[in-house]
Structures are given as C-alpha cells and as structure tokens.
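Residue numbers (our numbering): 14 to 216. Yeah, the Cβ is synthetic: ideal placement off N, Cα and C, and Gly gets one too. Computed from a predicted model, the values in this text were never measured in an experiment. Notes for the one structure printed next.
Below, the structure written as structure tokens:
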C-alpha cells in the first residue's frame, strides 16, 4: 500500500511541478489568492500568529525539547535522532527543491519568514514532517486509543492551519502549500522506510 501511495505522490508532484513551471500565474492560484486577500482583517491577524507555529522560531526549540521528551519517555535514543534528523533533512530538501523550481513568491514578507522562493511551501512541508514525526513516536508511548485519535486529529488540523496561513498571508500560492503537504508526506513515508531497514539490518 505504501509503495502505491509513494508512486502516486511522485506522479502528482511531478505533474504539479510541470504545471506551475508552464503556468506560474495559473487561474487556480490567482482565484484562491483573491479570495484570501478579501478575507476580514481579523482572520488575517489570527493566521499571522498561527503561521509562526511553522517558523524556525518555534520549530527549532520544539524539535530540541521534543527530542529530549521522546528520549526520556521511550528510554531509547532512536526516536529522538530520527525526529531531529528528519526535521533537518526536510528543511534541506525543501531548500533544494526551491532552488530547482525557482518560483517567485506572490509577495515577500520578512516578518513572517517569507523570503526566497515559493515552491514548495517550507512551512507546509517542514511542519508536516516535524509535527507528524513527533506524533508518530508519541503514539508509541500513549496507550489510550481515544487520546491517540485526539493527537492525530490535533496534528492534522495544526499542520493544515499552518500551511493555509501562508496563502491567507499572501506569501505562498495554493499549489505551493498543497505541494508542501505532499512533499512532507512523501518524505516521511520514504524516510521511515529507510529507518526501518537500517534498524532491521543492525539487529
């Protein structure tokens, strides 16, 4: 099942890259951008603060504290290392993809870490990897099924809010954010597969 999902994501992302390369100012992104701009100022203000949950200012200390937490709760070093390395690698991969695609942002806003290229959204991609990896290992510690479900729902909502905050703040296009989610999900699936194989070989 995972292999099919991975292949499907690769195909969709390849098509997306081709699409935004040929049509950088496509009607989908432009229409959604106009809708986002027309939202009330109060909505903009709320998402201005939400977007920081996907910024370096929050993700770096969260990764450090989260890794320490996972180590003491699981009594294992692996979850902490996988969590830290995964978050760092997703950042490096995001920067690499941006340098390959070279899509300009709809607007630059340094106050919310919106500089450089646009595709894919770093906030969407890195938040997907960071918060999902943390939740993945947290679920191994939590025993209560209802609590597990709540954490999964909370993580999904958090990631979605962070990603779409970039569209509402007009610093990313809709396709940047969608691709960020997909690149993040693809990275997690491949990354965890590799970790499992390495772990099995070392046993």
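{"query": "Would residue 171 and residue 144 be called neighbours here (beta carbons separated by less than 8 angstroms)?", "result": "yes"}
{"query": "For residue 85, does the count of other Cβ atoms within 10 angstroms reach 16, so buried, or fall short, so exposed?", "result": "exposed"}
{"query": "Going by the CB atoms, is the gap between residue 116 and residue 53 shorter than 8 angstroms?", "result": "no"}
{"query": "May I ask you to report which of helix, strand or coil DSSP gives residue 101?", "result": "helix"}
{"query": "Return the Cβ separation of residue 15 and residue 119 in integer angstroms, given the expectation that the two are a contact with Cβ distance under 8 angstroms.", "result": "Contact doesn't hold; Cβ gap of about 34 angstroms is too wide."}
{"query": "Within a Cβ cutoff of 7 angstroms, which residues of the same chain sit near residue 30, ignoring the five residues on either side of it in sequence?", "result": "114"}
{"query": "State the start and end residues of the unbroken alpha helix (DSSP H) segment that holds residue 158.", "result": "158-181"}
{"query": "Looking at C-beta atoms only, is the number of pairs between the region 56-68 and the region 130-140 that lie closer than 8 angstroms three or more?", "result": "yes"}
{"query": "Measure the alpha-carbon distance for residue 192 versus residue 27 and round it to whole angstroms.", "result": "10 angstroms"}
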